[in-house]
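Quick mapping for you: the protein sequence lines, in order, are chains C and E. Going by my numbering, the first sequence opens with residue 880, and the numbers climb by one from there. Going by my numbering, the second sequence opens with residue 13, and the numbers climb by one from there. Data block below; observations after.
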Amino acid sequence: MRYANLESYDRVLFIGGIYSNYLALEKAFTMARSLKAEAVIVMGDFGGFGPFPDRTLELLRREKIFAIQGNYEEALAGGAEDCGCGYTDPRDNHYAQISYDYTRSCTSAEHVRWMGELPRYIRLSIGGQRTLVCHGSPRQINEFLWQTMTPRPFIEKMLRDFDTDLIICTHTGLHWSRFIEPGRGVVNVGALGRPANDGKTNVWMSLLEWQDYGFRAEFIPIEYDFDRLAREMESEKLPPEFVATIRTGWWTTCLEVLPAKERARGQF
Amino acid sequence: MTTGQVVGPTTAEGEKKFPFAPLAALDVLWLQVAGTICNLKCSHCFISCSPTNHSHEMMSLAHVRSLLDEAKTLGVKEYYFTGGEPFLNRDLLIMFEVALAQGPVSVLTNGILITPKVAARLRELSDASEHSLDIRVSLDGYDAETHDAIRGRGMFQRAIKGVMNLNSAGLVPVITAAEVTDDIGAERGRAQFLEMLKSLGVNRPRLKILPILRMGAEVERTRAYQEWESLRGHTLSETEAARLQCNSCRMATSKGVYVCPLLIEQDGARMGDRLTDTLGPFELKHSACFTCHSTGFSCRT
């Protein structure tokens, strides 16, 4: 099933790339209850980067949430040899491969089967506005929609092409929103799995609420036991570069896809 | 969204044909703002740019404005400025300002004209926009010996100066290197590039490697394309079509709109006067099409 259709809501919580950060996910689910979200939608890339992928999947499958595939789920369920993240630089691909091989070898077959059944997109209505939830972009699962590379005329065209008022996406790991008019635009919900390359250890999820004048996209920081995650990554012999990102909040790998402005904001 | 048709390789008469590449969406608009006019005469230039090559002239601000207006209505995602040497166009910084108001901009330069003053102005333009301004500086080697053999004596130092000026202004240039020697694209070559940049204090080094195109001046430096380097008779799958840059780009010069940045000197590559004339499929009958297809390469960063 490529599309799933949901009903109407006014207040929805979105969780982007989890990258096996099950500790942040536990925290996110606890926070979701107090935030009184009417629905929670997780947007793919459950594995990669972090330790013990099955722990994330067990949490996801226990909660009453909606989920779509990211490129990781598509790759794992399809038996692909790489994650299909869409990197073009050899160093980026090197680290992406380590991440994928580890995740693939540690994910149980039953969870992979479940991933294969997930829809690629979800359509729903938020505050009466037609909303399309995708992983990368509506047209490509691994397209990177960066804040500084997603201009208004392009947003206008995507909304028209895909017959929607709002596009919700992730895949880049950095959260942002751009509305071309009240109620029409793009929200990139960022990532729960790793920090936002800003020198801070917290990670992010996004709450979207319809208010009288349009959408309010609230990006919510999540503090979690990052030190424990880092220690577990070390015990799993994941690359020290990944661990450094969890401990420092600066990205150390998969940097070459970043546009000029996003790259300049980071340390590396 | 579909990527369009798949074209069979032969006619009823059994003659082998070239496949066609559809345009899925016009995401990338290239602007050959300096035409074929350059302050260097690189021995590998696939369109033989030089101080005296007026095959394509400088583009006027009015022409660029009208293309940008049209691009806006088509939902173009990003703009690339090139030449020749784009900083020879005296309206370039105004063009950037106009383009940055409606989308992200990348520029391909040899770096020579990027003085501290120009770098500071580029930083201002970048800061004033919600979009990225990406500056790509060509370095065809991680040392003066390799670079200058292609670009002329002393040019390595001058390009490095441009890189340093950008770096000092807080911009993070992308170093673009053509594979003029075998080792440049290999792991060792890349590592040496990155090391050289770090030694200069560029702490976020970015690198883009381009394949060699056996056209223009490059024919004399090495060789021309040979007959086997062709897509004649090839059936293009949807996945292959989606990977080609002509699936999502067009190139405007002073002479009209062409299919892509590589083919502006090739017969049949001019598709029309306006962008809307050029939204149809393109026959991949050029040898450079073979390079794009076989390497998966794109001129984009």
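Just so you know, even glycine gets a beta-carbon here, dropped at the ideal spot from N, CA and C.
Please classify residue 940 of chain C: is it buried, with 16 or more other beta-carbons within 10 angstroms of its beta-carbon, or exposed? exposed
Which word fits residue 306 of chain E, buried or exposed, when buried means at least 16 other C-beta atoms lie within 10 angstroms of its C-beta? exposed
When the Cα atoms are used, what is the spatial distance from residue 292 of chain E to residue 271 of chain E? 10 Å
Minimum Cβ-Cβ distance from residue 143 of chain E to chain C less than 8 Å: yes
Check the Cβ of residue 969 of chain C against every Cβ in chain E and list those closer than 8 Å, keeping chain order. 199 and 202
Say whether chain E places a C-beta atom closer than 8 Å to the C-beta of residue 1033 of chain C. yes
Indicate whether at least one CB of chain C lies closer than 8 Å to the CB of residue 182 of chain E. yes
Own chain, CB closer than 7 Å to residue 59 of chain E, minus 5 neighbours either side, in chain order: 48, 228, 276 and 277
Residue 1135 of chain C touches chain E at which residues, Cβ-Cβ below 7 Å? 218
Taking Cβ positions, are residue 1145 of chain C and residue 928 of chain C nearer each other than 8 Å? no
Going straight from the alpha carbon of residue 255 of chain E to that of residue 29 of chain E, what length do you get? 20 Å
Those residues which DSSP pairs with residue 1067 of chain C across a bridge: C/1048 and C/1055
Cβ contact (3+ pairs, closer than 8 Å) linking the stretch 190–203 of chain E and the stretch 1129–1137 of chain C: no
Give me, in chain order, the residues of the same chain whose beta-carbon lies closer than 6 Å to that of residue 963 of chain C; leave out the 5 immediate sequence neighbours on both sides. Setting aside the 5 residues that flank it on each side, residue 963 of chain C is surrounded in the same chain by 950, 954 and 1021, each with a C-beta closer than 6 Å to its C-beta; the list follows chain order.
Could you pull out every residue in the same chain whose Cβ sits closer than 7 Å to the Cβ of residue 1119 of chain C, ignoring the five residues on either side in sequence? Same-chain partners within the cutoff: there are none.
Which same chain residues, not among the five before or five after residue 72 of chain E, have their C-beta less than 6 Å away from its C-beta? Around residue 72 of chain E: no qualifying Cβ.
For residue 211 of chain E, the nearest candidate out of E/303, E/116 and E/154 (CA to CA): E/154
Residues in the stretch 1039–1068 of chain C with C-beta within 9 Å of chain E's C-beta atoms, listed in sequence order? 1039, 1040, 1041 and 1057
Partners in chain E for residue 1138 of chain C, counting only beta-carbon separations shorter than 8 Å: Ordered by position in chain E, the residues that pass the 8 Å Cβ test against residue 1138 of chain C are 116, 144 and 146.
Contact belief for residue 294 of chain E with residue 33 of chain E at Cβ below 8 Å, rounded distance in angstroms: 5 Å
For residue 1127 of chain C, which residues from the same chain have a beta carbon less than 6 Å from its beta carbon, with the 5 sequence-adjacent residues on both sides left out? none
Just how far apart, CA to CA, sit residue 977 of chain C and residue 101 of chain E? Rounded to the nearest angstrom, the two C-alpha atoms are 46 Å apart.
Which residue wins for smallest C-alpha separation from residue 63 of chain E, given the options E/207, E/55, E/56 and E/51? E/51
Let's test the definition: count the other Cβ atoms within 10 Å of the Cβ of residue 1089 of chain C and tell me whether it reaches 16, buried, or not, exposed. buried
Confirm, please, whether the CB-CB distance from residue 931 of chain C to residue 897 of chain C is below 8 Å. no
Between the beta-carbon of residue 118 of chain E and the beta-carbon of residue 90 of chain E, is there less than 8 Å? yes
Assuming residue 115 of chain E contacts residue 1030 of chain C (C-beta within less than 8 Å), just tell me the rounded distance between them. 4 Å
Would you tell me roughly how many angstroms separate the C-alpha atoms of residue 907 of chain C and residue 891 of chain C, rounded to the nearest one? 13 Å
Name the residues in the stretch 1120–1134 of chain C whose C-beta lies less than 9 Å from a C-beta of chain E; which are they? 1134
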